[in-house]
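Asks: Quick one: structure below, then a few questions.
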Amino acid sequence: MPTITDLKTRREALSAQRSSGVARVSYDGKTVDYRSIAEIDRAIEVLDREIAAAEGRKIIRQVRVITSKGL
Numbered sequence: 535m536p537t538i539t540d541l542k543t544r545r546e547a548l549s550a551q552r553s554s555g556v557a558r559v560s561y562d563g564k565t566v567d568y569r570s571i572a573e574i575d576r577a578i579e580v581l582d583r584e585i586a587a588a589e590g591r592k593i594i595r596q597v598r599v600i601t602s603k604g605l
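All letters in the sequence shown, in the order written, are residues 535 to 605 by my numbering.
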């Protein structure tokens with residue numbers, strides 16, 4: 535099981551490569567080729583969930599809006 539530090543290192547590498555537009559990511563001597571930016575985004579989301587689980591917290595992806603004016 536990877537440590538929180540390992541997961542954060544992978545996430546930082548993915549984020550850096552995503553912003554540069556390159557679909558090849560290297561970390562710890564390993565290289566991964568992604569087919570698209572969307573695939574990199576999905577990998578970042580998975581890492582975010584794994585980091586949150588390792589830290590014992592939940593990621594909230596839903597926002598509810600409640601109004602009293604009938605909207």
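Using N, Cα and C, we set each Cβ at its ideal position, and we do this for glycine too.
This one's a predicted model, so the numbers in the text were calculated from it and none came from an experiment.
1) For the stretch 538-550 against the stretch 568-580, do three or more pairs of beta-carbon atoms, one drawn from each stretch, fall closer than 8 angstroms, so that the two count as touching?
2) Output the boundary residues of the alpha helix (DSSP H) element that contains R552.
3) Within the 8 angstroms Cβ cut-off, does V566 reach chain B?
4) Relative to the C-alpha of T537, which candidate in R595, A586 and S553 has its C-alpha closest?
5) May I ask you to report which of helix, strand or coil DSSP gives D567?
Replies: Short version:
1) yes
2) I538 to S554
3) Among the protein chains of the structure shown there is no chain B, as only one such chain exists.
4) A586
5) strand
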